[in-house]
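Shown next, in the form of structure tokens:
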């Protein structure tokens, strides 16, 4: 019914909701502030909410240096000391002011000129700069920008039911939920959406990414909003969720990384964070309530969830992430700011390496679903298990009328998260590095039988796998994966020789110590075992199903 | 609280007992239940022999067809009898009117019945099943499936619950004191179960551990089977107590691997139900166990019981799952051997009652 399409070149959309963002921004901030305030006050008294926020922020700011904070330590201390003597009205005023400040801090921006520059000038410029072969042809290539783009399209492939998604983007609001491996994922997704002829989305990006002046400028003007993951108190999370819900209700296509953070282990995400994703559900219910006259406000277009896998032959931050994952439990960091993505040299090396490998990144869009995980037909109606139409509104009925019920909705969201995680495993595209790492990791397991993970990583081992054995392993793995209907990406679907060559070349081109090396005797010897483990985890996690 | 329209799907004794009990509750309190509907699926979908045959196929033995639907003899004099005639019988297309649906059909026909009903069901509905079995793996679905998962796969309904506990059909028919646990991930479902089911003779408890409720109920047929064997050999109450508690521990170990909570097996849904199911007047599986204990071959025993027996297929499933998860299963394995005629009854019983470990918590 729906065919996978590989996009070559651009078919950009010219009309999309973000174009009206600058006009609506103030209204969005006002609505978010008002609604966050009412919902917070409906659940708790202002002195408790402020007290909790103050104490958590005072503790955090006492322990770490302030960086682009909404309030500094002194402000928090003064506010906290004053809480006891204030009237309810004064407290509500303080709470409103705090929520308004947070909303202003979160709210993104969109500038068409900056977006057009970023999307039309940057990619060809990048491919030009990074083109490794034949530098003498540069002037010639500059005259033919479309050729450069073709070469970028070859490196970065986009797959999926794209024409279906384009239709859905016209009748509803898309919520893209990609897998997350690297800080490059959001720009890569930005490119993929454009290449697929899909509208740009707004998305939450870690506030730390905005501190880079160049990246920050683009992100601020390309639809990103700021998420400060250092702030742990509930009030901030409530404001953030309200903001997300408000922009979804207003029809802004969005993107969340439901893994919450980059996958440290390299595995495909199995457990998803439901916070922001849950706003797709709350916005949907709000829409039904407005339709039924239970709430006031503009019409909410149907919200469609689109699972996406971002599959990378090499991962920019692989070395840092896997090292962090392998640290003793409890010491792993939720936020990492000093990884490879913060080092220009590394980013350039990485990009150059990427440009030398065909199909280095494959972005695969999965089948879209409604907020409860139902399939969708061509016009965006929800479809049940045997193809019958399903009335989504009824799932939210309480005595015949749509209503939000937190416990029910949380459970609905759990089920949707399971559906997304299942889609991730189904839609993951494996590349040569994953296959090569997988067969070599199994060989390590056989050479060091009965040892736990840490010993397998550290025990001295000089392992050379003869070419013939390696090829047989790869062929077997390919057969197994295809039998289970997993997708093999460019080169990974080739002959075992091509897989091994492409994998080795990719490993050699970027990492400090390659994960595997060709020996003079035409065998393959193992290199950085942590990296082998990291890349093979992609394959291994596909078997985690159910 | 506003009244709910309740429907029961199923034609067997358990389904009829539920429908009768619901009708009784409706009489007592109209603002809890507005209507009780009863849908009997076509006979060819739910005949008892199919259940037994499907096990026979799996065990690769040839079993002659057992009797058809259960004769309604035992209920003739029950207190429900007069009321039961007044349950509204409906066609499948009217199922859409129900707020809460109880599903009580034999496990092998669950998918067929659900497929038939699916076009008429919708997302506002709750489905609570009262089926003491899981759906064994088959060609189309290569994994053991919980009934609740099958509901999700075959129908648009999301709010699913399961019932377990010490309440057999005769208890509902006679309004004898009994209790049920409704397991559901949704609070709403538990609230609805209490609203429509709880009455002067029936206590209804709720839990979020749906998987535990489903598996412990499925496990009760295994325990009942074992208790039947022990009963015919006149082993006495301690043997029954051992089977119940060690059986619960053994089944819980498997169930935990499938996502259940262990403690469910030691509550009403587990040990509570096991006690009731291993009584003299207990389930069909108990009768089957007694016949097997008398060395009646399985096909002949199934024929004699004449009711749906979940025991044999549940023993097989538990055996396979135990193997898959590397869980020690002494009682289940002994029953498995017994069902396959590989064990003399006496040896099997010795094996049933001898566990090779001595720490009770293991």
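Chains as they are written, first to last, in our numbering: chain A, 1 to 546; chain B, 1001 to 1362. Every residue, glycine too, gets a C-beta built ideally from N, C-alpha and C. None of these values were measured; they are calculated from a predicted model.
Beta-carbon separation (whole angstroms), residue i vs residue j, contact threshold 8 Å
i                       : j                       : result
residue 1125 of chain B : residue 1004 of chain B : In fact, because the Cβ distance is near 10 Å, the residues do not count as touching under 8 Å.
residue 976 of chain B  : residue 1289 of chain B : The structure shown does not extend to residue 976 of chain B, since chain B is modelled only from 1001 through 1362, so no value can be given for it.
residue 1271 of chain B : residue 1252 of chain B : Between residue 1252 of chain B and residue 1271 of chain B the Cβ distance is about 10 Å, and since that is not below 8 Å, they are no contact.
residue 259 of chain A  : residue 17 of chain A   : Actually they do not touch by this definition, with Cβ atoms about 25 Å apart.
residue 1132 of chain B : residue 1211 of chain B : Residue 1132 of chain B to residue 1211 of chain B, Cβ: 14 Å. No contact.
residue 1094 of chain B : residue 1037 of chain B : 7 Å
residue 1321 of chain B : residue 1305 of chain B : That belief does not hold up - the Cβ atoms of residue 1321 of chain B and residue 1305 of chain B are roughly 25 Å apart, past 8 Å.
residue 496 of chain A  : residue 471 of chain A  : 4 Å
residue 1254 of chain B : residue 1293 of chain B : Actually they are not in contact, since the Cβ atoms of residue 1254 of chain B and residue 1293 of chain B sit about 24 Å apart, beyond 8 Å.
residue 1154 of chain B : residue 1104 of chain B : Wrong, their Cβ atoms sit about 16 Å apart, outside the cutoff.
residue 1213 of chain B : residue 1264 of chain B : 6 Å
residue 419 of chain A  : residue 373 of chain A  : 3 Å
residue 1283 of chain B : residue 1221 of chain B : 7 Å
Check: residue i C-beta below 7 Å from any heavy atom of the ligand ZN
i                       : result
residue 1202 of chain B : What this structure holds is no ligand at all, so the ligand ZN is not there to describe.
Whole-angstrom distance between residue j and residue i, CA atom to CA atom
i                       : j                       : result
residue 72 of chain A   : residue 237 of chain A  : 19 Å
residue 1091 of chain B : residue 1160 of chain B : 22 Å
residue 547 of chain A  : residue 232 of chain A  : With chain A represented from 1 up to 546, any question about residue 547 of chain A goes unanswered, as that position is not in the structure.
residue 524 of chain A  : residue 464 of chain A  : 5 Å
residue 1336 of chain B : residue 1150 of chain B : 26 Å
residue 1199 of chain B : residue 1032 of chain B : 11 Å
residue 1166 of chain B : residue 406 of chain A  : 32 Å
residue 1324 of chain B : residue 1332 of chain B : 14 Å
residue 188 of chain A  : residue 300 of chain A  : 29 Å
residue 255 of chain A  : residue 306 of chain A  : 9 Å
residue 508 of chain A  : residue 314 of chain A  : 11 Å
residue 165 of chain A  : residue 1302 of chain B : 55 Å
residue 222 of chain A  : residue 110 of chain A  : 5 Å
residue 1392 of chain B : residue 1156 of chain B : Lying before the first or after the last residue shown, residue 1392 of chain B is absent from chain B, which here runs from 1001 to 1362.
residue 324 of chain A  : residue 340 of chain A  : 13 Å
residue 543 of chain A  : residue 479 of chain A  : 15 Å
residue 376 of chain A  : residue 1172 of chain B : 43 Å
residue 483 of chain A  : residue 473 of chain A  : 15 Å
residue 303 of chain A  : residue 83 of chain A   : 41 Å
residue 234 of chain A  : residue 272 of chain A  : 19 Å
residue 498 of chain A  : residue 475 of chain A  : 11 Å
Query raised in the report: Which of the residues in the stretch 1090 to 1114 of chain B, read from start to end, lie with their CB under 7 Å from any CB of chain A?
Result: Hits within the stretch: zero.
Report task. For the stretch 1094 to 1104 of chain B and the stretch 364 to 378 of chain A, state whether three or more C-beta atom pairs, one from each stretch, are separated by less than 8 Å. Result -> With the rule of 3 Cβ pairs closer than 8 Å, the stretch 1094 to 1104 of chain B does not count as touching the stretch 364 to 378 of chain A.
Query raised in the report: Going along the chain, which residues of the stretch 392 to 412 of chain A sit with their C-beta nearer than 9 Å to a C-beta in chain B?
Result: Within the stretch 392 to 412 of chain A, the residues whose Cβ lies closer than 9 Å to any Cβ of chain B are, in chain order, 392, 393, 394, 395, 396, 397, 398, 399, 400, 405, 407, 408, 411 and 412.
Report task. Pull out every residue of the stretch 1154 to 1180 of chain B whose Cβ sits closer than 9 Å to any Cβ of chain A, in chain order. Result -> Answer in chain order: 1154, 1155, 1156, 1158 and 1159.
Query raised in the report: Okay, do the stretch 488 to 498 of chain A and the stretch 417 to 426 of chain A touch, 3+ Cβ pairs below 8 Å being the bar?
Result: Because the criterion of three Cβ pairs below 8 Å is not met, the stretch 488 to 498 of chain A and the stretch 417 to 426 of chain A do not touch.
Query raised in the report: Is the stretch 31 to 40 of chain A in contact with the stretch 166 to 175 of chain A, if contact means three or more CB pairs nearer than 8 Å?
Result: The way I'd put it, the stretch 31 to 40 of chain A doesn't touch the stretch 166 to 175 of chain A; fewer than three beta-carbon pairs between them come closer than 8 Å.
**Report entry** Selection of the stretch 1180 to 1196 of chain B by Cβ proximity to chain A, strictly under 8 Å
**Finding:** Listed by position, the residues of the stretch 1180 to 1196 of chain B near chain A (Cβ gap below 8 Å) are 1185, 1186, 1187 and 1188.
Query raised in the report: Is the stretch 389 to 396 of chain A close to the stretch 1166 to 1181 of chain B, with three or more CB pairs under 8 Å?
Result: These segments do not touch.
Report task. Identify each residue in the stretch 374 to 388 of chain A for which the Cβ-Cβ distance to at least one residue of chain B is less than 9 Å, and report them in chain order. Result -> Residues are counted here when their Cβ sits less than 9 Å from a Cβ of chain B; for the stretch 374 to 388 of chain A these are 374, 382, 384, 385, 386 and 388, given in chain order.
Requested in this report: Output, in sequence order along the chain, the residues in the stretch 1122 to 1137 of chain B whose CB is closer than 7 Å to any CB in chain A.
Outcome: Hits within the stretch, in order: 1122, 1123 and 1124.
Query raised in the report: Just checking, does the stretch 1018 to 1026 of chain B make contact with the stretch 446 to 460 of chain A on the three C-beta pairs under 8 Å criterion?
Result: No: fewer than three Cβ pairs fall under 8 Å.
Query raised in the report: Of the residues that make up the stretch 411 to 435 of chain A, which ones have a beta carbon closer than 8 Å to any beta carbon in chain B?
Result: Listed by position, the residues of the stretch 411 to 435 of chain A near chain B (Cβ gap below 8 Å) are 411, 412, 414 and 415.
Query raised in the report: Are there three or more Cβ pairs, one per stretch, closer than 8 Å when the stretch 1300 to 1313 of chain B is compared with the stretch 1234 to 1248 of chain B?
Result: Fewer than three beta-carbon pairs drawn from the stretch 1300 to 1313 of chain B and the stretch 1234 to 1248 of chain B are found closer than 8 Å, and the two stretches are therefore not classed as touching.
Query raised in the report: Unbroken beta strand (DSSP E) runs of length 3 or more, entirely within the stretch 157 to 201 of chain A: which are they?
Result: DSSP runs (the beta strand (DSSP E)) wholly in the stretch 157 to 201 of chain A: 173 to 178.
Query raised in the report: Does the stretch 430 to 441 of chain A come close enough to the stretch 496 to 506 of chain A that 3 or more CB-CB pairs lie under 8 Å?
Result: The stretch 496 to 506 of chain A makes contact with the stretch 430 to 441 of chain A, as at least three CB pairs between them are under 8 Å.
Requested in this report: Entirely within the stretch 370 to 435 of chain A and at least 4 residues each: give me those alpha helix (DSSP H) ranges in chain order.
Outcome: Within the stretch 370 to 435 of chain A, the complete alpha helix (DSSP H) runs of at least 4 residues are 406 to 427.
Report task. With a floor of 3 residues, list each beta strand (DSSP E) that falls wholly inside the stretch 448 to 509 of chain A, ordered by position along the chain. Result -> Note on the stretch 448 to 509 of chain A: whole beta strand (DSSP E) runs with a minimum of 3 residues are 464 to 466, in chain order.
Query raised in the report: Which of the residues in the stretch 189 to 213 of chain A, read from start to end, lie with their CB under 7 Å from any CB of chain B?
Result: Listed by position along the chain: nothing, the set is empty.
Requested in this report: Kindly confirm or deny that the stretch 65 to 83 of chain A and the stretch 48 to 56 of chain A touch, where touching means at least three C-beta pairs closer than 8 Å.
Outcome: Yes, the stretch 65 to 83 of chain A touches the stretch 48 to 56 of chain A.
Requested in this report: Flag this pair as touching only if the stretch 1102 to 1109 of chain B and the stretch 1040 to 1047 of chain B have three or more C-beta atom pairs under 8 Å; answer yes or no.
Outcome: Three or more beta-carbon pairs separated by less than 8 Å link the stretch 1102 to 1109 of chain B to the stretch 1040 to 1047 of chain B, which places the two stretches in contact.
Report task. Could you please tell me which residues of the stretch 235 to 246 of chain A, in chain order, have their CB closer than 8 Å to any CB of chain B? Result -> Residues are counted here when their Cβ sits less than 8 Å from a Cβ of chain B; for the stretch 235 to 246 of chain A the count is zero.
Query raised in the report: In the stretch 1248 to 1276 of chain B, which residues sit with their C-beta less than 9 Å from some C-beta in chain A, listed in chain order?
Result: Listed in sequence order: no entries.
Requested in this report: Using a Cβ-Cβ cut-off of less than 7 Å, list which residues of the stretch 1197 to 1230 of chain B approach chain A; keep chain order.
Outcome: Those would be none; no residue qualifies.
Report task. Say whether the stretch 407 to 417 of chain A touches the stretch 276 to 294 of chain A, bearing in mind that this needs 3 or more beta-carbon pairs closer than 8 Å, one atom from each stretch. Result -> Verdict: yes, contact present.
Query raised in the report: Quick check: the stretch 1186 to 1194 of chain B against the stretch 1012 to 1020 of chain B, are there 3 or more CB pairs under 8 Å?
Result: Contact between the stretch 1186 to 1194 of chain B and the stretch 1012 to 1020 of chain B is absent, because fewer than three Cβ pairs lie under 8 Å.
Query raised in the report: Mind pulling the beta strand (DSSP E) runs of 3 or more residues that sit fully within the stretch 1151 to 1178 of chain B?
Result: Taken in chain order, the complete beta strand (DSSP E) segments of 3 or more residues contained in the stretch 1151 to 1178 of chain B are 1159 to 1164.
Query raised in the report: Taking the runs of the alpha helix (DSSP H) that are 4 residues or longer, which of them lie wholly in the stretch 1232 to 1288 of chain B?
Result: For the stretch 1232 to 1288 of chain B, whole alpha helix (DSSP H) runs of length 4 or above, ordered along the chain, are 1237 to 1257 and 1273 to 1277.
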